[in-house]
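In our numbering, the protein residues as written are 1 to 147. Built from N, CA and C at the ideal position, the CB exists for glycine as well.
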Amino acid sequence: SQQKTVAGQQSAEKQNGRTSQIEERMPTTDNRQNVKRAEIAAIVDKFLRNKIAETPTETTNADSQTEIQNPKSKIQNPTGSPVKTIIHELKTDGATNGAKSNSVDFVSEDDVKKAIENGEKIYITAKTIITPSARDLGEEKEVFAKV
Numbered sequence: 001s002q003q004k005t006v007a008g009q010q011s012a013e014k015q016n017g018r019t020s021q022i023e024e025r026m027p028t029t030d031n032r033q034n035v036k037r038a039e040i041a042a043i044v045d046k047f048l049r050n051k052i053a054e055t056p057t058e059t060t061n062a063d064s065q066t067e068i069q070n071p072k073s074k075i076q077n078p079t080g081s082p083v084k085t086i087i088h089e090l091k092t093d094g095a096t097n098g099a100k101s102n103s104v105d106f107v108s109e110d111d112v113k114k115a116i117e118n119g120e121k122i123y124i125t126a127k128t129i130i131t132p133s134a135r136d137l138g139e140e141k142e143v144f145a146k147v
């Protein structure tokens, strides 16, 4: 019942040409959205600037890494500094300590039994399909090695 009273007072104030204090303090939806985006962008930019300043720079061979630049696509953010792009380097076989592992796509119970007999491991990935009986036996005998 109090909500109805407040709503009735607000509609009466609007009819008299007066606005309530609450309505005066409320920003418009468009303005509020723009302010939030600008504030968020400024916070993110400040964080990234500090993060980049904290990271130590490494000297590397010019042959091992190449810098890719496209002068036509120089994008600038609202503060005027160019947008930085980070290109990650993919690790090759050195990441596995030289050990060659051939992961399989499918494992059956027979494959697990053969691996147990030969004292071998079965190298699997997250996408390897393993039958339920093979999974039970392989986990019990610790035959699986995730790559």
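State the start and end residues of the unbroken alpha helix (DSSP H) segment that holds residue i.
i: Lys141; result: Pro132 to Lys141
i: Arg114; result: Contrary to the premise, residue 114 reads as Lys rather than Arg in this sequence. Start and end: Glu109 to Asn118.
Only counting the same chain, and skipping five residues up and downstream in sequence, which positions put a Cβ closer than 7 Å to that of residue i?
i: Ser108; result: Thr131 and Ala134
Helix, strand or coil for residue i per DSSP?
i: Val147; result: coil
i: Val44; result: helix
i: Gln2; result: Residue confidence is low: Gln2 scores 48 on pLDDT, short of 50, so the model does not pin down where it sits. No coordinate-derived value is stated.
Compute the beta-carbon to beta-carbon distance between residue i and residue j, rounded to the nearest angstrom, for a pair I have assumed lies under 8 Å.
i: Tyr123; j: Val143; result: Going by Cβ atoms, the distance from Tyr123 to Val143 rounds to 10 Å, so no, they are not a contact pair.
Between residue i and the rest of its own chain, which residues show a CB-CB distance below 8 Å, the 5 nearest in sequence each way excluded?
i: Val104; result: Asp111, Ile122, Tyr123, Ile124 and Thr128
i: Gln2; result: Unreliable placement is indicated for Gln2, whose pLDDT of 48 sits below 50; no coordinate value is reported for it.
So, for residue i: in the same chain, excluding its five sequence neighbours on each side, which residues have a beta-carbon less than 6 Å away from its beta-carbon?
i: Ala115; result: Ile122 and Val143
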